[in-house]
Structure formats: structure tokens, C-alpha cells
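Working notes, beginning with the structure itself.
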Amino acid sequence: MFKRILVANRGEIALRVIRACREMGIETVAIFSEADRGAAYLDLADEAFCIGSARASDSYLKIDRVISAAEVGNVQAIHPGYGFLAENPHFADVCRSCRIEFIGPTHEAMSLVGDKNAARSLARQIGVPTVPGSDGLVEDKRQALSVARQIGFPVLIKAAAGGGGRGMRVALTEKALESALDQAQAEAGAAFGNADIYLEKYVEHPRHVEVQVLADTHGSAVHLWERDCTMQRRHQKLIEESPAPDLDDSARAAMCAAAVNLVKAAEYTNAGTVEFIVDRQGNFYFIEMNARIQVEHPVSELVTGIDLIKAQIRIAAGEPLPFAQEDICCRGAAIECRINAEDTTRNFQPCPGRIEKLIVPGGFGVRFDSHVYAGYTVSPHYDSMIGKLIVHQPTRDEAIACMLRALSELRIEGIHTTVPLHKQLLAHSAFAEARVDTTFIERTSIG
Ligand code: MV4
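Quick note on our numbering: the sequence shown kicks off at -2 and runs consecutively.
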């Protein structure tokens, strides 16, 4: 096992990784930017290095500085958390060249799933359901039109290098297709340096369900059931839960099995997430795979009892998975609310500033993953998430009641947060009855 790990991230996920390491007897080296100097979680690491100024591109994204900190800090492995360098195959490859274990998939597997078209082609090859669309990349307008006529409008143009909703464009009609293609290609080229696109039928009003997977370096792969992340706004998830409400047992089993098959076919190792959309008829389709630990991983931890960060570290150290698929049960129901420093009444505008007062909820089944405290100043330089409130109860109804109780205890003064919005969402009959789709927040007057 590793003696010392560098945590190449900040905020709540850096703290989450430091906590797991402490329990495993592993020393930690933290890195921070000028904007994060003095943050309390840094004291929990054994050592901390400043690696640059506030801008992420001058600190957390600078591969040479992160590697220098790892060398000086004398670590054997790097945990990237999520965001920043977590899904950068070049960084994973540099770690390997420097003989530092990257706690995540190999750069080859990461490159494969990072190419959304290649991942989709692999899924089709092995019989994982995908949305009807082009057979690979779309090369020209004639081909796009022929595919669109076959599958019918509306169609969705996706960038091969996109993902997470970036670089997508809907074309509602044949007339709109040509300019949508031009725009999609220009945007993808500018944003990702890769203008490759492919076409899918646009599935309207879907639910968003993803399967958590773990795979070791000995050929063993398992799933940890699914998470429903339908409650989101402009591709920013707000509430995640497990199990997915309103998913029948056979679809659930088929989706989880498909996720494991895909992971094996991609020779993917470590933790990952396979994303699906579910249409109104309950059909599911693979859309993409994420090669990282995700923000919402705690809901899967609570229903399965498996510490995903410890599992990631053990897999990277070459240990075999200590459980088989049949050992992984989904018990009860877990819900997570992302607490963001945003003013939901002003178009979710970020609200950095000083937290004057903080009261954290507790009690049976309540977990609060956060690096903030009274007196902490939320920086404008990074994303606005300041914590995650997660609950676990025997049933979904009890989890909703528990979350409402915990939200009512949670007091954050000095900045606007998403707490009032969460209270509204959790109390809404549409959420209780699982009658929401990915457009719910935009469609209703809430938020
Ligand atoms: C789709 C889709 C509908 N049809 N693909 C969004 C994020 C990225 N992982 C892929 N996503 C989607 N792909 C087809 N063919 C719907 C989504 C989607 C979504 C779209 C618009 C607004 C919110 C959304 C939330 C989740 C998924």
C-alpha cells in the first residue's frame, strides 16, 4: 500500500480524500493556490504546498507544478479528485512517466471513454443500447441529412470531444440542420480543438440515470447500482439519489449489467460512471462514460456501504476487489443536495463572500461533506459548490423527510445558497412522485 499520496484538488473533495487516507494510515500532501491559502482542511494534510496563483490555469491545472509538488513531497501516488486534471489523459501519462501512480484509469482507457464517439461505437459493438443515430462520426452535410431523415427529427448534434452537455446542439427541422451543424463544428473546434461530431435522435424529457462501477487491475469489475441525477439545471446537477425512483427491476438489472460489460470491453480500471438517459417509456440508452470519481459518489457509498475513495486507492495500489457482485447490496434510499453559493432568485448567479455563521445538521442518517466553516470566505475563482448534504434512510419517503429536516437545521449566513431552493424542490409533489425530467427546473417557476 502507498505510504504517501498527493491530493491534486481543493475544497470538499480534497478533504474527502484526506479523510480516507487518514483512516488507511496513508500520509497526505495537499496543494493549494493563493486563493486557498489558510483553508482549514489544509491543516489535516501532513504537508501542503502552494503551487500558484488563484486562477486554476496557473495552479491546479499546471501539470509541471503538480508533479513538482509530488516529487518534493515524496509521494507514491496522486489522487486527482474531480474536475481540474482528473480526466486529462496526458496528466495520467505524465504521472506514469514519473513513476507516480495515478489513482484512476490508465491514460489509454481514459482516452477511449473521453472520445464520446469511440465510447458509443464500443457500446454498440457489444450490444449496449445507444440512442439511434449516425454510425460513427458525421463527415458532411449530405450524410447528416440522410441520417436525420432515417431517425427523424429532432436530432442532437454532439461533439466527440464534448461531454457533460458541452458541445451539444439540437436541430428541430431539416431547415435548421445545416446551420446547427456549422455551429456545432465551429464550437467544438474552438472549445476542444477537435471539430468531430456525431448525430443522435434527440430524446425529449429524459431522466438521467448513471451506474457507478469499480474495476480492479486483475480483470474484475462490479457495479454499485445506479444514481438518478435528473434534478439539474443547465447541466449542473442539484439533487442526486439512489436507487433511481420509477425504474423497473428488469431495466435496472439490464442497465447495471450493460455498464459492467462496457467497463470490461474498454479494459477500464478504477472508479467510473456509465451514464444513461431513460425515455418516457422506460427505455434506456448509453450516452457517455465519466473516468473519475463524481461529486455525487456519496449516495452510492451510503446505499452500498462501500467507501469509494478507499476502493480507488486500493485498486491503484494493485489490490484485487475485496467483494463480488453478489456481495453488493443496495440498502435503503440516499439523497444528496448540492449546496452552492448561488442566488437562485438571480439566475443562479454565483455569490462568493464570507460565511458569517454556519450551523451544520446532524443526527441519524445525515452526512455533510464540506470544507467550509464560519469565517470561511468563498472564493470567486472556483465553482460555487460549498458542500453536499447527504441523507440515508430505509425508504425514499423517509429520506425526503430526513433531508427536509436536515435542510431546516442547516444555517448559512452571509452568502446566498441553494438551500431555500432545495427546500422547495424536496417538498414538491412532483419530486415525491418522481414525476420530473431534466427540464423540470427550467419549466417550473421554482428557482
Ligand atoms: C442526450 C439527451 C437527449 N437525447 N442525448 C446531457 C449531458 C450529456 N451527458 C448528454 N446529455 C444528454 N444527451 C440524446 N440523444 C439529453 C441529455 C441530457 C440533457 C439534455 C438537456 C438538458 C438537460 C439534460 C440533462 C441530462 C441529459
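We put the CB at the ideal spot given by N, CA and C, even for glycine. Small disclaimer: the values here were computed from a predicted structure and weren't measured.
- In its chain, beyond the 5 residues on either side, H232 have a beta carbon closer than 7 Å to the beta carbon of G161.
- For Y199, the shortest C-beta to heavy atom distance toward the ligand MV4 is below 7 Å.
- Looking only at I336, L386, N337, the smallest Cα-Cα distance to G360 is reached by L386.
- Under the DSSP assignment, S56 falls outside any beta strand (DSSP E); it carries neither an H nor an E label.
- Counting along the chain, the unbroken beta strand (DSSP E) around F273 starts and ends at 267 to 275.
- Within the segment 132 to 210, the complete beta strand (DSSP E) segments at least 3 residues long are 152 to 160, 163 to 168, 194 to 198, listed from N- to C-terminus.
- Taking one beta carbon from each stretch, the segment 402 to 415 and the segment 335 to 343 have 3 or more pairs nearer than 8 Å; the two touch.
- DSSP places I352 in no alpha helix (DSSP H); its state is neither H nor E.
- Rounded to the nearest whole angstrom, the CA to CA distance from A313 to C334 is 29 Å.
- Distances between the C-beta of T435 and the heavy atoms of the ligand MV4 include at least one below 7 Å.
- In this structure, the ligand MV4 has a non-hydrogen atom nearer than 7 Å to the beta-carbon of P203.
- Rounded to whole angstroms, G186 and D193 show a C-alpha spacing of 8 Å.
- Distance check between D112 and each of V260, E197, A371, M286 places M286 closest, using alpha-carbon atoms only.
- Going by DSSP, F46 is part of the beta strand (DSSP E) stretching over 44 to 49.
- Here the alpha carbon of L418 sits roughly 24 Å from the alpha carbon of G372.
- Contact annotation: I60 and L3 have beta-carbon atoms that are not nearer than 8 Å.
- Two segments are said to touch when three or more pairs of C-beta atoms, one from each, lie closer than 8 Å; by this definition the segment 92 to 100 does not touch the segment 233 to 252.
- Contact between I352 and V375 holds: their C-beta atoms lie close to 7 Å from each other, under 8 Å.
- Beta-carbon to beta-carbon, R121 and P242 are separated by about 29 Å, too far to satisfy the 8 Å threshold.
- If one requires a minimum length of 4 residues, the alpha helix (DSSP H) runs lying completely within the segment 239 to 264 are 246 to 262, in chain order.
- DSSP, reduced to helix, strand and coil, places T436 outside both helices and strands of the structure shown, so it counts as coil.
- C-alpha of I15 to C-alpha of P86: approximately 23 Å in a straight line.
- Of the residues assessed, V69 falls on the exposed side of the cut-off, its CB having fewer than 16 other CB atoms within 10 angstroms.
- Within its own chain, the residues whose Cβ lies closer than 6 Å to the Cβ of G78, once the five positions on either side in sequence are excluded, are N6, I10, listed in chain order.
- Relative to the ligand MV4, L404 has its C-beta separated by 7 Å or more from all heavy atoms.
- Contact between A37 and Y370 holds, with the beta-carbon distance rounding to 6 Å and staying under 8 Å.
- Per DSSP, F(-1) has no beta-bridge partner at all.
- For the ligand MV4, no non-hydrogen atom lies closer than 7 Å to the CB of I236.
- The beta carbons of F273 and E207 sit closer together than 8 Å.
- In terms of CA proximity to A67, F88 leads the group F88, A51, G80, S50.
- The beta carbon of Y265 sits closer than 6 Å to the beta carbons of P102, A106, A212 from its chain, once the five residues preceding and following it are set aside; these are given in chain order.
- For Q140 and S297, the gap between their C-alpha atoms comes out near 41 Å.
- Within the segment 359 to 437, the complete alpha helix (DSSP H) segments at least 4 residues long are 393 to 406, 416 to 424, 426 to 429, listed from N- to C-terminus.
- In this structure, the CA atom of L82 is about 25 Å from the CA atom of V257.
- Residue I28 holds the alpha-carbon nearest to the alpha-carbon of R62 among I28, V72, D225.
- Residue environment for D324: exposed (fewer than 16 other C-beta atoms within 10 angstroms of its C-beta).
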